[in-house]
Amino acid sequence: MNEQRNLWIAIAASVVILVGFQFFFAPEPDPQVQEAQVREQLDVNGTNTPQAASNAPSVPGGQQQLAAPVVNRDDALAKSPRIKIETPRVEGSIRLVGGMIDDIQLQDYRETEEPNSPLIHVLNPTGSDNAYFAEFGWVAADKTVGVPNSDTRWTASSNELTPATPVTLSWDNGNGLTFKREISIDENFMFSIKQSVKNDGGSDVTLYPYGLISRKGEPKTAGFYILHEGPLGVIDGTLTEMKYQDLVEDGDVEKKTTGGWLGFTDKYWLVALAPSSDEELTTRFSHHVADNADKFQTDYLGAARTVAVGAEAASETRLFAGAKEVSVLDQYANEFGITNFDLAIDFGWFYFLTKPFFLFLQWLNHLVGNFGVSILIFTVLVKAVMFPLANKSYKSMSAMKKLQPQITKMREQFKDDRQRQQQEMMALYKREKINPASGCLPIVVQIPVFFALYKVLFVNIEMRHAPFFGWIQDLSAPDPTSLFNLFGLIPFDPPQMLMIGVWPLIMGITMFLQQKLNPAPADPTQAKIMMFLPLIFTFMLASFPAGLVIYWAWNNTLSIMQQRYIMYKMGV
Amino acid sequence: MSNLPGSDVGLLARLLQFAVRGYQLFLSPYIGWSCRYQPTCSAYMMEALARHGAIKGGWMGFKRIMRCHPWGGHGYDPVPGCGCEQNKAPSEDHNPRITALSSCK
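Going line by line, the protein sequences match chains A and B.
Residue numbers for the first sequence follow our numbering, beginning at 1 and rising by one.
Residue numbers for the second sequence follow our numbering, beginning at 573 and rising by one.
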């Protein structure tokens, strides 16, 4: 009777955990539905223009004056004359009308692991349905002063931007101000933008430099709780991350900073502004609705420059648009003094563990040439470090297993006196000369290590499309096989829930075997849940990156081997 | 989780107990146990939370984990104090529900 109740509790608890898991880790509900609701609300309230009537200078909301119909990427590109961008790793173009950088394609990354799949686009032209671009300029304190805007037709010094040949854009406002913008790009993903203005007019002008990144529509995110995607920045030395929906619901966020960076991140790609590290900036993260679409913007406004007649003023900033490769981000952080630029990768709370793990795995990968094999080697090394502690515990556990019948008997005998039970247990240990295990502290200390490793496997771009062996062509994606179509033997496309691949199954089996080696727990609820655990984990891990599942299965296998060997030696 | 002891413990203590119970049921079987004491650290924590509340009990449990290492002590080490000084949790030593807590893992 009591036992049956406990079984029901166990099942209920499993359901709670599964549901909770869905809540925290599974993709969020279709954002488009939510988006539409929010949009309706905002439409009723009227347009939510960011530079609403205020005398303070503010960065324009990127491109809202161009209310052109949405077109596809190629048509949008064809709308304006362009300067070609060509580097070993990046191809794209700069729009001459407005001078925006709005077309970046990464030559080294494709959308899927198929060799002919489309290359990744980091930025998309204005006017396309997922417009995503960076824009720079000046805000004049006196609004009658003509400054370049989104419609400005710039004149370019050449029609191609390469790492060796920077391009200078220039524009004359007709009232004595000449604006120049020198754009250069390096071998990886960093643009450098030097803006200058020369005053040949009749009076002094006050100008504020700005830079903005604008993104149309809420991007589809992987929606994992443990991975940040969305607006972010290092403001005043502190990492600031926010969700798209937070900006929609809670409104704009404005902060002052000196140095740092800000932008948008996807799981693997980043677009970020990094103005000169000594300039005091007002940064802003904002959302507004225009042309029936959500627009998200991150921007900064620099310090005022008063340009006397005959004088010149300048402002320098950098724009990163590319893949979040650790070595590249680190190099930029050092070279340009960009504070904590590597935090664009969501290393999480255990940064001090996660990042070294990452660097070590990367180093292993250079050595052996396969990321999956690197994971296996790394796991062995972690196990080796923990070996003495684990050995101690396994010895103690094996001895316990040997005594299991006696323990069960003793528990029965003192069923109603827990205190006596515990004392008898200790007496038994003493009698049988069981050495105490290594203790809980080493176990607790291990938890962050596990979590950090898990996080590394989850977030790093090097795992993306990295093959293992056989059917695993992408360690960062779930195992594509499924038990429920007999691994492809029968023509049946199982629903997501039933995509239980080979590796998750192996993981479940190893977990089951490992449990069998341990003495059964005294707590009946726990004993019952333990029966279901391998099953629950198999289902849960089936939707996780294959690299993680392989790590987990391999880790279990090593534990089993270690424990088996000890049991063999102890004659259990 | 009907066998969480003490229906009259505070909310924070309850949350902590829930977390420890989650650890016992779902994490511990996987990462293996290696406690040197009876009751085990997690059972100790559960009981300390029930009898001494979130702050004091949590601190007692934390201290227990801190001494549960290869160079630390071992053996029978029950939660000190009967909890009677806290008038809201009387005579829990005789609460039959607590017996369900004797699990180790």
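Virtual Cβ for every residue (Gly too), placed ideally from N, Cα, C.
Exercise. Consult DSSP for residue 209/A and reduce its assignment to one of helix, strand or coil.
Key: Here residue 209/A sits in strand by DSSP.
Quiz item: Grouping DSSP H, G and I as helix and E and B as strand, with all else coil, what is residue 644/B?
Solution: Assigned with DSSP and collapsed to three states, residue 644/B falls in coil, not helix or strand.
Quiz item: Mind pulling the chain B residues with CB within less than 9 Å of residue 439/A?
Solution: Within 9 Å Cβ-Cβ: 606, 607, 608, 609, 613, 637, 639, 640, 641, 642, 643, 644 and 646.
Practice problem: Could you name the residues of the same chain whose beta carbon sits closer than 6 Å to that of residue 169/A, not counting the 5 residues immediately before and after it, in chain order? | Solution: Excluding residues within five positions, the ones whose Cβ falls inside 6 Å are 99, 154, 156 and 181.
Quiz prompt | Segment contact flag, the segment 402–411 of chain A with the segment 440–448 of chain A, C-beta cutoff 8 Å, min 3 pairs | solution = No, the segment 402–411 of chain A is not in contact with the segment 440–448 of chain A.
Quiz item: Looking only at its own chain, which residues have a Cβ that is under 6 Å from the Cβ of residue 253/A, when we skip the five neighbours before and after it?
Solution: Excluding sequence positions up to five before and after residue 253/A, its CB lies within less than 6 Å of the CB of 285, all in the same chain and listed in chain order.
Quiz item: In whole angstroms, what is the alpha-carbon distance linking residue 468/A and residue 509/A?
Solution: Spanning the two alpha carbons is a distance of roughly 20 Å.
Quiz prompt | Top-ranked residue by Cα proximity to residue 347/A, from 500/A, 124/A, 226/A and 89/A | solution = Residue 226/A is the option with its Cα nearest to residue 347/A.
Quiz item: In chain order, which alpha helix (DSSP H) runs of at least 4 residues are fully inside the segment 99–170 of chain A?
Solution: You should have found no qualifying run.
Quiz item: Would you call the segment 535–542 of chain A and the segment 501–518 of chain A in contact, with 3 or more CB pairs under 8 Å?
Solution: Result yes; three or more Cβ-Cβ pairs closer than 8 Å.
Quiz item: The alpha helix (DSSP H) with residue 183/A in it runs from where to where?
Solution: First-last for residue 183/A: 177–185, but that is the beta strand (DSSP E), not the alpha helix (DSSP H).
Practice problem: Starting from the beta carbon of residue 392/A, find every residue of chain B whose beta carbon is closer than 9 Å, and list them in chain order. | Solution: Within 9 Å Cβ-Cβ: 606 and 642.
Practice problem: Report the rounded CA-to-CA distance for residue 162/A versus residue 94/A, giving the unit in angstroms. | Solution: If I take the Cα positions, the gap works out to 12 Å.
Quiz item: Going along chain B, which residues have a C-beta under 7 Å from residue 426/A?
Solution: Listed along the chain, the chain B residues whose CB falls inside 7 Å of the CB of residue 426/A are 610, 647 and 648.
Practice problem: Measure the C-alpha to C-alpha separation of residue 359/A and residue 379/A and round it to an integer number of angstroms. | Solution: In a straight line, the C-alpha of residue 359/A is about 15 Å away from that of residue 379/A.
Exercise. Can you say whether residue 571/A is buried or exposed, counting buried as having 16 or more other CB atoms within 10 angstroms of its CB?
Key: With a threshold of 16 other beta carbon atoms within 10 Å, residue 571/A falls short and is exposed.
Self-check item: Counterpart residues of residue 83/A in DSSP-defined beta bridges
Solution: Beta-bridge pairing links residue 83/A to 94/A.
Exercise. Buried or exposed for residue 641/B, please, with buried defined as at least 16 other CB atoms from any protein chain shown within 10 angstroms of its CB.
Key: Here residue 641/B is buried. Its C-beta has 16 or more other C-beta atoms within 10 Å.
Self-check item: Contacts around residue 110/A, its chain only, beta-carbon distance under 7 Å, and the 5 residues preceding and following it disregarded
Solution: Hits under 7 Å: 117, 118, 119 and 120.
Quiz item: If you draw a straight line from the C-alpha of residue 331/A to the C-alpha of residue 215/A, how long is it?
Solution: Distance between the alpha carbons of residue 331/A and residue 215/A is about 27 Å.
Quiz item: Does the Cβ of residue 610/B have 16 or more other Cβ atoms within 10 Å, making it buried, or fewer, making it exposed?
Solution: Around the C-beta of residue 610/B, 16 or more other C-beta atoms lie within 10 Å, and the residue is accordingly described as buried.
Quiz prompt | Contacting positions in the segment 364–381 of chain A - beta carbon closer than 9 Å to chain B | solution = Residues passing the 9 Å Cβ filter: none.
Exercise. Put residue 472/A into one of helix, strand or coil per three-state DSSP.
Key: If DSSP states are grouped into helix, strand and coil, residue 472/A belongs with coil.
Quiz item: Alpha carbon to alpha carbon, how far is residue 333/A from residue 90/A?
Solution: Rounded to the nearest angstrom, the two C-alpha atoms are 20 Å apart.
Quiz item: CA-CA distance, residue 75/A and residue 97/A?
Solution: Whole-angstrom Cα-Cα distance: 15 Å.
Quiz item: Given a threshold of 16 other Cβ atoms within 10 Å of its Cβ, counted over all protein chains shown, does residue 455/A qualify as buried or as exposed?
Solution: It counts as buried.
Quiz item: Looking only at its own chain, which residues have a Cβ that is under 6 Å from the Cβ of residue 292/A, when we skip the five neighbours before and after it?
Solution: Leaving aside the five residues that flank residue 292/A on each side, none in its chain has a CB nearer than 6 Å to its CB.
Quiz prompt | Contact with chain A by residue 587/B, beta-carbon distance below 8 Å | solution = So no, residue 587/B is outside the interface.
Exercise. Please list, in chain order, all residues of the same chain as residue 22/A whose beta carbon is under 8 Å from its beta carbon, the five residues on each side excluded.
Key: Residue placement at residue 22/A is flagged as unreliable, the pLDDT there being 44, under the threshold of 50; the coordinate-derived value follows with that caveat. So the list is empty, once near-sequence residues are dropped.
Quiz item: So what does DSSP say about residue 677/B, is it helix, strand or coil?
Solution: With a pLDDT of only 33 at residue 677/B, under the threshold of 50, the placement of this residue in the model should not be trusted, and no figure is reported.
Quiz item: Counting Cβ pairs, one atom from each stretch, are 3 or more of them under 8 Å apart for the segment 125–145 of chain A and the segment 204–218 of chain A?
Solution: Counting C-beta pairs closer than 8 Å gives three or more between the segment 125–145 of chain A and the segment 204–218 of chain A, which meets the contact rule.
Quiz item: Among all the DSSP beta bridges, which residues are the ones paired with residue 274/A?
Solution: DSSP output for residue 274/A lists 318/A as bridge partner(s).
Quiz item: So, residue 258/A versus residue 278/A, is the Cβ gap smaller than 8 Å?
Solution: Less than 8 Å separates the beta-carbon of residue 258/A from that of residue 278/A.
Quiz item: Taking any Cβ of chain B, which residues in the segment 399–431 of chain A have a Cβ under 7 Å from it, in chain order?
Solution: Within the segment 399–431 of chain A, the residues whose Cβ lies closer than 7 Å to some Cβ of chain B are 416, 418, 419, 421, 422, 423, 425 and 426, listed in chain order.
Self-check item: Status (buried if at least 16 other CB within 10 Å, exposed otherwise) for residue 47/A
Solution: Only weak support exists for where residue 47/A lies, its pLDDT of 32 falling under 50; the coordinates are left without a value.
Practice problem: For the alpha helix (DSSP H) containing residue 420/A, list its first residue and its last residue. | Solution: Boundaries of the alpha helix (DSSP H) harbouring residue 420/A: 418–431, taken from the DSSP string.
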